[in-house]
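Please read the structure below before turning to the comments.
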Amino acid sequence: MSKRFAILGAGRIGQVHARAVSNNENAELAAIFDPADAAAESIVERYGAARMDIEEIAADAGIDAVLLCTPTDRHAEQIEFFARAGKAVFCEKPIDLSSSRARECLDTVEKTKATLMVGFNRRYDPHFMAVKAQIDNGSIGNPETGVIISRDPALPPAEYIKRSGGIFKDMMIHDFDMAVYLMGSVPETVSATGSVLTDPEVAGLGDYDTACAVLRWTDGRQMMISNSRRAVYGYDQRIEVHGSQGMVAAENQRPVGIELATEKGYTRPPLHDFFMTRYTEAYANEINAFIEAINGGAVEIPTGKDGLNSLLMAEAALASLETGTVVKIA
Numbered sequence: 318m319s320k321r322f323a324i325l326g327a328g329r330i331g332q333v334h335a336r337a338v339s340n341n342e343n344a345e346l347a348a349i350f351d352p353a354d355a356a357a358e359s360i361v362e363r364y365g366a367a368r369m370d371i372e373e374i375a376a377d378a379g380i381d382a383v384l385l386c387t388p389t390d391r392h393a394e395q396i397e398f399f400a401r402a403g404k405a406v407f408c409e410k411p412i413d414l415s416s417s418r419a420r421e422c423l424d425t426v427e428k429t430k431a432t433l434m435v436g437f438n439r440r441y442d443p444h445f446m447a448v449k450a451q452i453d454n455g456s457i458g459n460p461e462t463g464v465i466i467s468r469d470p471a472l473p474p475a476e477y478i479k480r481s482g483g484i485f486k487d488m489m490i491h492d493f494d495m496a497v498y499l500m501g502s503v504p505e506t507v508s509a510t511g512s513v514l515t516d517p518e519v520a521g522l523g524d525y526d527t528a529c530a531v532l533r534w535t536d537g538r539q540m541m542i543s544n545s546r547r548a549v550y551g552y553d554q555r556i557e558v559h560g561s562q563g564m565v566a567a568e569n570q571r572p573v574g575i576e577l578a579t580e581k582g583y584t585r586p587p588l589h590d591f592f593m594t595r596y597t598e599a600y601a602n603e604i605n606a607f608i609e610a611i612n613g614g615a616v617e618i619p620t621g622k623d624g625l626n627s628l629l630m631a632e633a634a635l636a637s638l639e640t641g642t643v644v645k646i647a
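Counting in our numbering, the sequence shown runs from 318 upward without gaps.
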């Protein structure tokens with residue numbers, strides 16, 4: 318059954334979701350809200366969506382679902398507002414910068430029985446899904462250790478960093494969710510470190526541009542995560558899981574998958590430049606899953622609980638960095 322969508326926020330991620338919705342035969346992009354005229358009008362012109370305010374979207378019975386691509390400090394209140402309005406809600410991570418506020422929000426979602434999906438798009442990447450399938454079918458035996466590498470090509474703007482909640486809640490939170498997705502449960506403890514290596518301004522903003530974390534489960538399994546805000550060679554996204562009977566890995570992806578061999582040696586094209594192109598298929602698959610969930614299909618999606626779990630892991634990682642100790646995840 319086709320669904321009509323509204324998007325709040327016409328920035329980079331809003332543009333990505335607008336394309337995914339518009340390219341889906343079971344979806345229609347009905348409305349866009351953004352106070353920035355140029356950003357909103359670009360979606361209106363490209364996809365034919367109507368420009369509406371938040372109250373109009375909530376009151377429109379013809380709109381089935383809302384995609385929240387707004388700043389994080391607006392997420393919880395907007396989830397609650399649209400849940401009470403009877404809309405299905407898709408929210409980019411995180412639900413909030415505070416786990417206590419996130420819990421309050423999820424109480425409202427439960428009371429209203431709203432469908433809520435949190436935007437952990439990497440679960441829908443075909444390459445990462447294939448890694449998960451090999452783990453689940455027993456190809457590598459019992460998973461024991463893993464490595465997740467996630468490195469952005471460059472620092473985001475200072476204004477973004479100020480509102481992001483920091484590298485653990487903004488960037489590594491994707492990797493925390495991926496660790497739970499691959500290993501099948503939430504770890505018990507985290508040990509984390511962080512540094513400022515790219516630009517002293519990051520320290521002045523109270524954040525880090527380089528961070529590592531080690532997750533440990535109660536049965537001894539471990540997962541190592543490496544993040545950096547500077548990868549001069551492109552958008553670096555790799556995972557590896559080692560098990561009792563083997564190993565499975567997903568390598569970096571390139572827009573063009575060729576290899577050239579000459580007298581100078583072997584060369585390959587550069588990596589994707591950022592998430593907008595690297596995860597195109599993942600965003601499309603994510604919207605498909607959301608539509609299926611709205612229609613009552615038997616599909617697993619990242620729920621509010623998954624969003625809360627990853628936020629708790631991020632809070633524990635920051636506490637570990639600040640105290641220099643291993644911290645138990647709430």
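Quick reminder that beta carbons are idealized off the backbone N, C-alpha and C, glycines included.
Asked	Found
Segment contact, 8 Å Cβ cut-off, at least three pairs: the segment 591–603 with the segment 427–446	yes
Residue burial classification, Tyr525 (beta-carbon count within 10 angstroms, cutoff 16)	buried
Alpha carbon of Glu362 to alpha carbon of Leu385, nearest angstrom	20 Å
Residue nearest to Asp553 in terms of C-alpha spacing, selected from Gln539, Leu588, Ala566, Trp534	Leu588
Boundaries (first-last residue) of the beta strand (DSSP E) holding Val565	563–567
CA nearest to the CA of Phe407, picked from Met446, Ala578, Asp381, Ala615	Asp381
Alpha carbon of Val644 to alpha carbon of Ala633, nearest angstrom	6 Å
Close beta carbons around Ile396, own chain, < 6 Å, minus the five adjacent residues each side	Val406, Cys408, Cys422
Continuous beta strand (DSSP E) stretch holding Leu414: start and end	Here Leu414 belongs to no beta strand (DSSP E), and DSSP marks it neither H nor E.
Classification of Pro352 by the beta-carbon crowding that lies within 10 angstroms, buried from 16 upward	exposed
Distance CB(Ala348)-CB(Ala327) smaller than 8 Å	no
Residue(s) in a DSSP beta bridge with Ile349	Ile324, Arg368
Met630 vs Ile556 beta-carbon contact at 8 Å	no
Local Cβ density within 10 Å of Lys430, reported as buried at 16 or more and exposed below that	exposed
Residues near Ala530 by beta carbon distance below 6 Å, same chain, minus five either side	Val507, Ala509, Ile542, Ala634
Contact under 8 Å by Cβ, Arg360 with Ala335	Position check: residue 360 holds Ile in this sequence, whereas Arg was assumed. Cβ distance < 8 Å, so Ile360 and Ala335 count as in contact.
Other residues of its chain near Ala548: CB distance less than 6 Å, five sequence neighbours each side excluded	Arg468, Pro470
The segment 474–486 in contact with the segment 609–624 per 3-pair CB rule at 8 Å	no
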